[in-house]
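Below is one structure, written out as structure tokens, with a few remarks after it.
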Amino acid sequence: MTIYSLEELGWRPAFLQSLDLDRESVDDTARISAVHRDTYEALSPQGELRLRPMPADTPVEDRPTVGDWVLVDTALERPARVLDRQTLFARKAAGHDHSIQLIAANVDAGFIVSSCNDDFNLPRLERYLSLVRDAGAFPVIVLTKADLAEDAADFAARARKIAGDCPVETVNAREPAELEKLMAWVGKNQTLALLGSSGVGKTTILNALSGKSEAVSSIREDDAKGRHTTRGRSMHRLTSGGWAIDLPGMRELALAGTQEGLESTFGDLLELTRECRFSDCQHAREPGCAVRAAIDSGDLDEARLVRFRKLEREIERNEASIHEQRNKQRGFAKMVKQVQSQRWAHRKRT
Ligand SMILES: Nc1nc2c(ncn2[C@@H]2O[C@H](COP(=O)(O)OP(=O)(O)OP(=O)(O)O)[C@@H](O)[C@H]2O)c(=O)[nH]1
Ligand SMILES: [Mg+2]
Numbered sequence: 037m038t039i040y041s042l043e044e045l046g047w048r049p050a051f052l053q054s055l056d057l058d059r060e061s062v063d064d065t066a067r068i069s070a071v072h073r074d075t076y077e078a079l080s081p082q083g084e085l086r087l088r089p090m091p092a093d094t095p096v097e098d099r100p101t102v103g104d105w106v107l108v109d110t111a112l113e114r115p116a117r118v119l120d121r122q123t124l125f126a127r128k129a130a131g132h133d134h135s136i137q138l139i140a141a142n143v144d145a146g147f148i149v150s151s152c153n154d155d156f157n158l159p160r161l162e163r164y165l166s167l168v169r170d171a172g173a174f175p176v177i178v179l180t181k182a183d184l185a186e187d188a189a190d191f192a193a194r195a196r197k198i199a200g201d202c203p204v205e206t207v208n209a210r211e212p213a214e215l216e217k218l219m220a221w222v223g224k225n226q227t228l229a230l231l232g233s234s235g236v237g238k239t240t241i242l243n244a245l246s247g248k249s250e251a252v253s254s255i256r257e258d259d260a261k262g263r264h265t266t267r268g269r270s271m272h273r274l275t276s277g278g279w280a281i282d283l284p285g286m287r288e289l290a291l292a293g294t295q296e297g298l299e300s301t302f303g304d305l306l307e308l309t310r311e312c313r314f315s316d317c318q319h320a321r322e323p324g325c326a327v328r329a330a331i332d333s334g335d336l337d338e339a340r341l342v343r344f345r346k347l348e349r350e351i352e353r354n355e356a357s358i359h360e361q362r363n364k365q366r367g368f369a370k371m372v373k374q375v376q377s378q379r380w381a382h383r384k385r386t
């Protein structure tokens, strides 16, 4: 078992601010390295820990996700609470459940992985870019399977058109030497997360960067098609130092974030809207519309405007419903706590 120092585990002085140092000690903190149905794995300078889940009434956002730093309740062997996150990847849970689903926390760089084939999809890349930027992490678009495509450079060019200042790299993920260039985007003791659809090569990249051979397939399971598909969320040490969080492929990515991530993803478009003659321009047929002019001259793809509007509406809707759900949950958790403390007081009296 390798023991890592706090610094190697990605600890930042900012986490100290969420500890009450009169009563709480840095020695009782640990970083969540894997999330299972009924246990957490965590790493600390004392070694590896296995922790029990938090009480069932803990609101989703207050429960640890992979990459989180927690204060450990050593007596109960479970996280007492999550330390304030530097960054958080989250999405709206699938289906009609208006709750948020945490993906990973304290991530510095988000590798948005897609392949140079049918998986490549601009609207999806824009969603991921919004998610990573909204979290406050640094996005990198990684296009795999360049070795199988004749026109990998075209895929990269299309991605660059919507990427803004986000780097776009094309790779053959099965060629470890080609992946070294990706590490230029991750600093010492930083954490990266691998996001993208199933089968695009996230685990292949992780295995190469962490020096694992393909033989390390015990953590992967075969899906119905006989592929190794990642089921859980886990954090792995990179050979260059730092950490990579491997995530299962996401079929749906409903944005739960704020408008901020969206605004930086569509910064080019928003800049144009500021040049419109009317501040409330709808970019329909108003005179002096800079957006229409850019579409007419071929500088802006009209589909991008349509996608922006769709995501903007989606975020507005999701923000409102998640907010409502959160209030309900918090109200419920508060009620449970009140009942528990009343019971406790009653027991003490009798
Ligand atoms: N030729 C080639 N094959 C690749 C490349 N990247 C990944 N593969 C193959 O694609 C398959 C899927 O790769 P994985 O790394 O398991 O994909 P994943 O993104 O982790 O998939 P999930 O865990 O299901 O989300 C494997 O057979 C890889 O060997 C690449 O750049 N070129
Ligand atoms: Mg995988």
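When you read off a place in the sequence shown, starting at 1, and then add 36, the result is the number in the numbering used here. We treat Cβ as the ideally placed atom computed from N, Cα and C, and that holds for glycine. Fair warning: this is a prediction, and the values are worked out from it, not measured in the lab.
Sorted by position in the chain, Lys238, Thr239 and Thr266 make up the residues whose C-beta lies under 5 Å from a heavy atom of ligand 2. The Cβ atoms of Gly103 and Ala78 do not sit closer than 7 Å to each other. Note on Glu205: 16 or more other CB atoms within 10 angstroms of its CB, so buried under the neighbour-count rule.
From the listed residues Lys238, Arg345, Asp64 and Phe191, the smallest Cα separation to His264 is found for Lys238. In the three-state reduction of the DSSP assignment, Gly303 falls in the helix class, which pools H, G and I. Rounded to whole angstroms, Asn243 and His272 show a C-alpha spacing of 9 Å.
With a contact defined as Cβ atoms closer than 8 Å, Arg117 and Leu107 qualify at about 5 Å. Annotation for Glu162: the continuous alpha helix (DSSP H) segment containing it runs Leu158 to Ala171. Between ligand 1 and the CB of Leu274, the shortest heavy atom gap is not smaller than 6 Å. Taking a C-beta distance under 7 Å as the contact criterion, Val143 and Thr123 qualify as a contact pair. Distances between the C-beta of Gly46 and the heavy atoms of ligand 1 are all 6 Å or more. For ligand 1, a non-hydrogen atom lies closer than 6 Å to the CB of Ser234. Here the distance from the Cβ of Leu228 to the nearest heavy atom of ligand 1 is not below 6 Å. DSSP lists Val71 and Leu87 as the beta-bridge partner residues of Tyr76. In the DSSP annotation of this structure, Ala209 is not part of any beta strand (DSSP E), being labelled neither H nor E. Its Cα nearest to that of Asn153, the residue Leu184 stands out among Gln137, Leu184 and Val178. Taking a cut-off of 8 Å for Cβ pairs, the stretch 266-282 and the stretch 222-232 touch, as three or more such pairs fall below it.
Following the DSSP letters along the chain, one finds Lys128 inside the beta strand (DSSP E) bounded by residues Leu124 to Lys128.
Beta-bridge partners assigned by DSSP to Asp282: Leu230 and Ser270. The three-state secondary structure of Gln82, taken from DSSP, is coil. C-alpha of Leu347 to C-alpha of Ala292: approximately 11 Å in a straight line.
Around the CB of Glu211, fewer than 16 other CB atoms lie within 10 Å, so the residue is classed as exposed.
Within a 10 Å sphere around the beta-carbon of Glu162 sit 16 or more other beta-carbons, which makes this residue buried.
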